[in-house]
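Structure first, commentary second.
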Amino acid sequence: MSNPAQNPSEDAQLWNAFREGDENAFGQIAQKYYRSLFSYGAKFSKDREFIKDCLQDLFMELWDKRETLGDTDFVKFYLLKSLRRKIHRESLKQQWLTDEDELDFEAEDLGELSIEQQIIEVETNEALLQQLHRHLAELPKRQQEIIYLKFFENLDNESIAQVMSISRQAVANLLYRTLKELKEKM
Amino acid sequence: MNLYHDYCLEDFVLDARFQQWVRYQQPVDVEFWNNYLTQHPHQTDEINRAKMVLSSVYRRFSSPISDSEIQLEIQKLVDKARAAKEHQVIEAVEETTPTPIFSLYSRWIWRVAAVVVLGLGLHFFLTRSPQSTYQQLTSGQELVEKINRTSSPQRIVLSDGSTVLLEPNAHISFPASFAKETRKVYLSGVAFFEVTKDAKRPFLVYANELVTKVLGTSFLVNAQEGAPKTIVEVREGRVSVFKTADIEAPQNLVGQESKGVVLTANQKLVFEQETNQLIKTLSETPQMVVNSEEVPNFSFSNTPVSEVLKTLEKTYQVDIIFDEELLSDCPLTATLTNQTLYEKLTIICEAIEAHYEVIDGQIVVHSKGCK
Numbered sequence: 000m001s002n003p004a005q006n007p008s009e010d011a012q013l014w015n016a017f018r019e020g021d022e023n024a025f026g027q028i029a030q031k032y033y034r035s036l037f038s039y040g041a042k043f044s045k046d047r048e049f050i051k052d053c054l055q056d057l058f059m060e061l062w063d064k065r066e067t068l069g070d071t072d073f074v075k076f077y078l079l080k081s082l083r084r085k086i087h088r089e090s091l092k093q094q095w096l097t098d099e100d101e102l103d104f105e106a107e108d109l110g111e112l113s114i115e116q117q118i119i120e121v122e123t124n125e126a127l128l129q130q131l132h133r134h135l136a137e138l139p140k141r142q143q144e145i146i147y148l149k150f151f152e153n154l155d156n157e158s159i160a161q162v163m164s165i166s167r168q169a170v171a172n173l174l175y176r177t178l179k180e181l182k183e184k185m
Numbered sequence: 000m001n002l003y004h005d006y007c008l009e010d011f012v013l014d015a016r017f018q019q020w021v022r023y024q025q026p027v028d029v030e031f032w033n034n035y036l037t038q039h040p041h042q043t044d045e046i047n048r049a050k051m052v053l054s055s056v057y058r059r060f061s062s063p064i065s066d067s068e069i070q071l072e073i074q075k076l077v078d079k080a081r082a083a084k085e086h087q088v089i090e091a092v093e094e095t096t097p098t099p100i101f102s103l104y105s106r107w108i109w110r111v112a113a114v115v116v117l118g119l120g121l122h123f124f125l126t127r128s129p130q131s132t133y134q135q136l137t138s139g140q141e142l143v144e145k146i147n148r149t150s151s152p153q154r155i156v157l158s159d160g161s162t163v164l165l166e167p168n169a170h171i172s173f174p175a176s177f178a179k180e181t182r183k184v185y186l187s188g189v190a191f192f193e194v195t196k197d198a199k200r201p202f203l204v205y206a207n208e209l210v211t212k213v214l215g216t217s218f219l220v221n222a223q224e225g226a227p228k229t230i231v232e233v234r235e236g237r238v239s240v241f242k243t244a245d246i247e248a249p250q251n252l253v254g255q256e257s258k259g260v261v262l263t264a265n266q267k268l269v270f271e272q273e274t275n276q277l278i279k280t281l282s283e284t285p286q287m288v289v290n291s292e293e294v295p296n297f298s299f300s301n302t303p304v305s306e307v308l309k310t311l312e313k314t315y316q317v318d319i320i321f322d323e324e325l326l327s328d329c330p331l332t333a334t335l336t337n338q339t340l341y342e343k344l345t346i347i348c349e350a351i352e353a354h355y356e357v358i359d360g361q362i363v364v365h366s367k368g369c370k
């Protein structure tokens, strides 16, 4: 897992190089967001290759649009939102979903723990963690997605609202309710 | 001033610094929060519970994908971006066709961006044969031939689903349906291939006196028209290249593997018509072949040159041959972040009065040591 601490001026330089058509800068930007986007995409489909294809398309669209893009601030938000839309559209096309269906946000069953998680394991109370984990799984899909976007992607409420196409107030309420529920379960 | 003194669980879990600590366990954050806990023991409970909530979130929602898997995807993107840049003309034409370039069909298609320019090397043409290589190769076979006589690229779909964008004046010949064992196409001119993956049937591009066979990932074939050299260059992954004469020998393809040259990252193969030789060398601008987070900072302080060279070897995935014992006595202090591989090597060699050369796709460093 990469260190999230980034130097803003390096970021801006990279972004400018990308906009000027430097494919290596493009690669570095894709690298920076890939894991996070894959992780988000994987909540809507269990087909890893499908998610990877969606991401290839998404990034190539970004490349094609490079000259008309704005500053780097909203990239992550833009990519998350576009990915969600793309998966929805492709799912309709493949007839996995009908028009009325919402995308289902669903975490996959856990296989082996990553090193990152193992570090956490050592330091926390396993039983309580398991318990919390079950409670999270029982939360409504929407609440899970908000928690995910908040804690995994570090989006603010406004961005979450836009990605999920719901109101900012709904995000705030649901987030508050979810935290309260989790706290009570402890 | 203590920002966190009245924080409760909800505040902690929403705090960026707190999240970063729980998620990444970076030493600087670990230190900060451990100190904080020592100084503010009354918040221990809130902090531990907040940590637990976040841990369970991170655990539930992580989707494992390996670094190498990501790297492969990124490489595909960079190759596509590069191909798009280098072939803007072709892309412009593609955009006008009804099929979207990056449709989801790409899941079944193994994109191989290759431009093959078949130059009729004048020397070869005059001294060896009254016919072009292309004519020789295709004559007497039952092949479909397409010739682009228009002024814009034409898209051709092969029986296996692979597509070829044929540039003006280019010729391509291929069987109406491919054989069981191989997929051969013959080309004269410039073409852009998108090859459908089929591990059991290698895809072979006959161009000039070379045959390029796809083994691994993407590659570029470039033979300048009329030039005495044909070049195959690999950015990442592997391809194998054969002389047409070898691959067409009586033995079957499988038995001929040994006569081919396998190219890996940053290597290129030059075929010289005059000498009829295949020369394996390194790309003129070798690229780093590691994740961006794994790129070393190349800042050395009294580091043995043997260590420095090992770092380069690893980062560029090229072989560097040197006397380890001798060079471990040569200390180097330098920052080599922004130079190309060759510039880095030149600086290192100047510092220790050594020199290097590229032989057979490897770098050999000659030194008398520093004692």
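Protein chains in written order, with numbering that gives the first Met the number 0: chain A, 0 to 185; chain B, 0 to 370.
Just so you know, even glycine gets a beta-carbon here, dropped at the ideal spot from N, CA and C.
Every value quoted in this text rests on a predicted model; they were computed, and no experiment measured them.
DSSP state of residue i, grouped into three classes?
i	result
Thr-303 of chain B	The question names Thr, yet the displayed sequence has Pro at residue 303 of chain B. Here Pro-303 of chain B sits in strand by DSSP.
His-365 of chain B	strand
Pro-176 of chain A	Note that residue 176 of chain A is Arg in the sequence shown here, rather than Pro. Helix, per DSSP.
Thr-132 of chain B	helix
Arg-47 of chain A	helix
Tyr-373 of chain B	No answer is possible for residue 373 of chain B: it lies beyond the span of chain B, which begins at 0 and ends at 370.
Glu-144 of chain A	helix
Leu-138 of chain A	coil
Pro-26 of chain B	helix
Lys-145 of chain B	strand
Ile-165 of chain A	coil
Ala-407 of chain B	This structure gives no information on residue 407 of chain B, because the portion of chain B shown stretches from 0 to 370.
Ala-160 of chain A	helix
Leu-154 of chain A	coil
Pro-152 of chain B	coil
Ser-298 of chain B	strand
Ser-158 of chain B	coil
Lys-31 of chain A	helix
Val-12 of chain B	helix
Quick one: what's got a C-beta closer than 7 angstroms to residue i's C-beta in the same chain, skipping five residues either side?
i	result
Gly-54 of chain B	In the sequence as displayed, the identity of residue 54 of chain B is Ser instead of Gly. Around Ser-54 of chain B: Val-21.
Tyr-133 of chain B	Leu-117, His-170, Tyr-185, Ser-187
Gln-27 of chain A	Leu-13
Arg-141 of chain A	Leu-173
Val-307 of chain B	Phe-299, Leu-331, Ile-347
Val-357 of chain B	Thr-280, Leu-281
Trp-62 of chain A	Phe-25
Tyr-315 of chain B	Asn-265, Pro-285, Met-287, Val-288, Leu-340
At a CB-CB cut-off below 7 angstroms, which residues of chain B make contact with residue i?
i	result
Gly-20 of chain A	Lys-84
Arg-34 of chain A	Ile-64, Ile-69
Lys-51 of chain A	Glu-72
Could you give the residue range of the beta strand (DSSP E) that holds residue i?
i	result
Glu-356 of chain B	354-358
His-170 of chain B	170-173
Phe-270 of chain B	266-271
Lys-279 of chain B	276-281
Phe-202 of chain B	202-206
Leu-262 of chain B	260-262
Can you tell me where the alpha helix (DSSP H) with residue i in it begins and where it stops?
i	result
Val-317 of chain B	Element bounds for Val-317 of chain B: n/a, residue is neither H nor E.
Tyr-341 of chain B	340-350
Thr-43 of chain B	43-60
Leu-78 of chain A	74-92
For residue i, which residues in the same chain have their Cβ closer than 6 angstroms to its Cβ, ignoring the five residues on either side in sequence?
i	result
Ser-239 of chain B	Lys-212, Leu-214, Gly-259, Val-261
Chain B partners of residue i, CB-CB under 9 angstroms?
i	result
Trp-14 of chain A	Result: empty, since nearest Cβ-Cβ is about 14 angstroms, beyond 9 angstroms.
Met-185 of chain A	Leu-8, Arg-48, Met-51, Val-52
Asn-156 of chain A	Within 9 angstroms Cβ-Cβ: nothing; Asn-156 of chain A doesn't reach chain B, min ~10 angstroms.
Could you tell me which chain A residues have their CB closer than 7 angstroms to the CB of residue i, listed as they occur along the chain?
i	result
Lys-79 of chain B	Met-59
Ser-55 of chain B	Leu-128, Leu-131, His-132, Leu-135
Quick check on the burial criterion: 16 or more other C-beta atoms within 10 angstroms. Buried or exposed for residue i?
i	result
Lys-50 of chain B	buried
Ile-159 of chain A	buried
Asp-52 of chain A	buried
Met-185 of chain A	exposed
Asp-359 of chain B	exposed
Glu-283 of chain B	exposed
Gln-55 of chain A	buried
Ser-61 of chain B	buried
Using C-beta distances below 8 angstroms, list every residue in its chain close to residue i, excluding the 5 sequence neighbours before and after it, in chain order.
i	result
Glu-152 of chain A	Ser-35, Tyr-39, Lys-75, Leu-79
Gly-368 of chain B	Asp-322, Leu-325, Leu-326, Asp-328, Cys-329
Pro-303 of chain B	Leu-326, Ser-327, Asp-328, Cys-329, Pro-330, Leu-331
Could you tell me which chain A residues have their CB closer than 8 angstroms to the CB of residue i, listed as they occur along the chain?
i	result
Ala-15 of chain B	Asn-153
Leu-76 of chain B	Phe-25, Gly-26, Ala-29, Gln-55, Phe-58, Met-59, Trp-62
Gln-18 of chain B	Phe-150, Asn-153
Val-29 of chain B	Correct list: empty, because the minimum Cβ distance to chain A is about 10 angstroms.
Which bits of chain B does residue i rub up against, with CB to CB less than 8 angstroms?
i	result
Ser-38 of chain A	Phe-60, Ser-61, Ser-62, Ile-64
Lys-140 of chain A	Near Lys-140 of chain A there are no residues of chain B at all, since even the closest Cβ is about 13 angstroms away, more than 8 angstroms.
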